[in-house]
Each structure stands twice: as C-alpha cells, then as structure tokens.
Amino acid sequence: AGSQVPITHFFYRD
Amino acid sequence: MFEARLPQGQILKKLIEAVRELVTDANFECKPSGLSLQAMDSSHVSLVSLLMRADGFDPYQCDRNRTLGINLRTLASVLKCSSNDDIITIRAEDDGDSAILIFESPSSDRLSEFDLKLVDIDNEQLVIPDTQYDAVVRMPSAEFQRIVRDMQILGDSVTIACSKDGVKFSANGEIGSGSVRLKQSSAVDSEDDAVTVDLQQAVSLTFALRYLSLFSKAAPLSPTVTLSFSKDVPLLVEFRIADMGHLRFYLAPKIDE
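This is the structure in structure tokens:
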C-alpha cells in the first residue's frame, strides 16, 4: 500500500 | 573530561531499549548544554533524535565537546548488568578511546564499572526544518503501542486520519480490514489518560507499521506520546523524558503509487 519515501527527502544534510 | 551522572539510571536503560532495534551505531554528542544523538535507521526511512539536557544529570561535567560513537547493541547488553534503581554514570577521558559506564546501587555499597570501546561512525547530521503541524495528537503511550500492535494483524501500513472528532487508525490487508477510532477525551481523572487533538486542519497520512512498532518500544519512557502530522511531511512521534528532554522519532509517509 503506497511506496515509502526516504527521510532524506525531507531533511537536508547539514 | 566528560562525566554525566544520572540518578534515575533506568531512563538510560529504557532509552537504549527503545532505539537499539532501529539504530545499530550512534554518535552521542556531548556538549556543555547536554547530551544528544541523531541517527537514521539503516533504510533511511526514519530518524531518531534524542536530547538529554545537562540539568537532568547530577552532576554533569563537560569541559569540551565530545563525540562518543557507541554500538547500541553492546550498550544495551552492558546496561542489562545494571539494576533498575542504580545510578548510572557515563564517563569519557579526554584522550580515551572508550566510554566508561558506572552502575552504583542506591546505598552505594555496590559499584560496577564497564569500559566500552568507542567506534568510528560516519554519521551525517540532518537539519530538521521547523514545521507548523496540521494536527497534534496526544494520547497515552500504552494506547499507541496497543493500536500499532493491533493494526499489524491486518497489514503493513496504517492510515491515520485526524479530524475535529478525534483520530482514526485504519489498516487493510489480505485477511480483511479494521480500524480504531479514538475520540477526544471530555473528562478524565488524569491528564496522562487523555486523548487530545489540536487541529489546524484535517489530515490523513499512511505509514509503515514496522517503524511505528519500533517507535512504540519507547512507551515505558513516558506515560504519554505526541504524534504530529502535516500533509506530505514526516510524522513526528515524541516521548518526553521526565523533565530533562525528549526522544523523537520521524517517519516519512508512504505515498500512493
């Protein structure tokens, strides 16, 4: 049910 | 030298039990203001963020910033050697390549010491943007744990819908479908038993139950949990740690294919 988006898509690298 | 003495040692035990299945190795960032940790799970789907402020320790000493890379499975095994009422001290010498854990019985007549080798962890820090959430749900953490466990009977994902009436968890799979609906509490004896929904606008998102189940292992840390939702952004699951900080989990939503 739906595909998983990685968290790095939302939080950017420092 | 870094030295942090935690009178309620079992907080550390509960913390590590809560994250050890999600994260293998983690860097503990030790600063004069306190201790923090940020790590992703190996699939980079979720993020753990821990904060323990210096004033929650007694005493807390940190002369300069230190990064302590620790294997959490090893740490969990060592912490099993402590008793629930032990006072736990974490110590690291300035030039040392290990972290020392000291377990002290309440009467101080038993003292055990473990020297843990530090590990080098290549850990990139992510910046978590400030978010105005569409809905913030507060509920007993045991209730959250129960619902996640119950929904896992049905499938891999759960859809969580927040509205002015309350919050609805629903799942469906090959065997069938089911849902749990929690209404906002009107009158409860204790605030810890209440379900509250602070709603800006109705929102419905789908998440992988596997991760929510791992997050719910933090339930022993706090009687309540806060779930914060916004459309198309990661869910924030927060457990407060007494008066000293928080353990936060972020989980990216699932999107329709």
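These protein sequences, in sequence, are chains U and S. Each number in the numbering used here comes from the position in the first sequence (counting from 1) with 372 added on. Each number in the numbering used here comes from the position in the second sequence (counting from 1) with 432 added on. The beta carbon of each residue, even a glycine, is placed where N, CA and C say it ideally should be. Remember, predicted model here, so these are calculated numbers, not experimental data.
- In this structure, S/V657 and S/M571 form a Cβ contact; the two beta carbons are roughly 6 angstroms apart against a cut-off of 8 angstroms.
- Chain order gives no chain U residues near S/I607, where near means a beta carbon separation below 7 angstroms; the closest approach is about 14 angstroms.
- Here DSSP, grouped into helix, strand and coil, assigns S/R570 to strand.
- Look at S/L558 here: in three-state DSSP terms it is strand.
- Of the candidates S/Q577, S/N604, S/I579, S/S573, S/N604 places its Cα closest to the Cα of S/D588.
- Beta-bridge annotation (DSSP): S/R581 is not paired with any residue.
- The stretch 512-530 of chain S makes no contact with the stretch 375-383 of chain U: fewer than 3 CB pairs, one atom from each, lie closer than 8 angstroms.
- Within chain U, no C-beta atom comes less than 8 angstroms from the C-beta of S/V510; the nearest is roughly 29 angstroms away.
- Residue contact check for S/E453 against chain U: no CB pair falls below 8 angstroms.
- In this structure, DSSP gives S/K549 an extended state, which the three-state scheme calls strand.
- S/R505 carries a helical assignment under DSSP once its states are collapsed to helix, strand and coil.
- In the DSSP assignment, S/Y682 falls within the unbroken beta strand (DSSP E) covering 677-683.
- Here the alpha carbon of S/S530 sits roughly 12 angstroms from the alpha carbon of S/R498.
- At a cut-off of 8 angstroms between beta carbons, S/A640 contacts chain U.
- One thing to note: S/L550 has its Cβ no nearer than 8 angstroms to the Cβ of S/V590.
- Taking 8 angstroms as the threshold, the shortest C-beta distance from S/P439 to chain U does not fall below it.
- When the Cα atoms are used, S/S514 and S/S654 turn out to be separated by approximately 20 angstroms.
- Beta-bridge partners assigned by DSSP to S/E536: S/I519, S/L543.
- The Cβ atoms of S/I553 and S/G501 sit closer than 8 angstroms to each other.
- Annotated three-state conformation of S/F489 is coil, per DSSP.
- The DSSP-derived three-state label of U/S375 is strand.
- Spatial neighbours of S/S595 in its own chain (CB-CB distance under 6 angstroms, excluding positions within 5 residues in sequence) are listed in chain order as A634.
- Taking a C-beta distance under 8 angstroms as the contact criterion, S/L659 and S/Y682 do not qualify as a contact pair.
- The stretch 616-650 of chain S is shown to contain whole beta strand (DSSP E) runs of 3 or more residues at 628-631, 635-640, in chain order.
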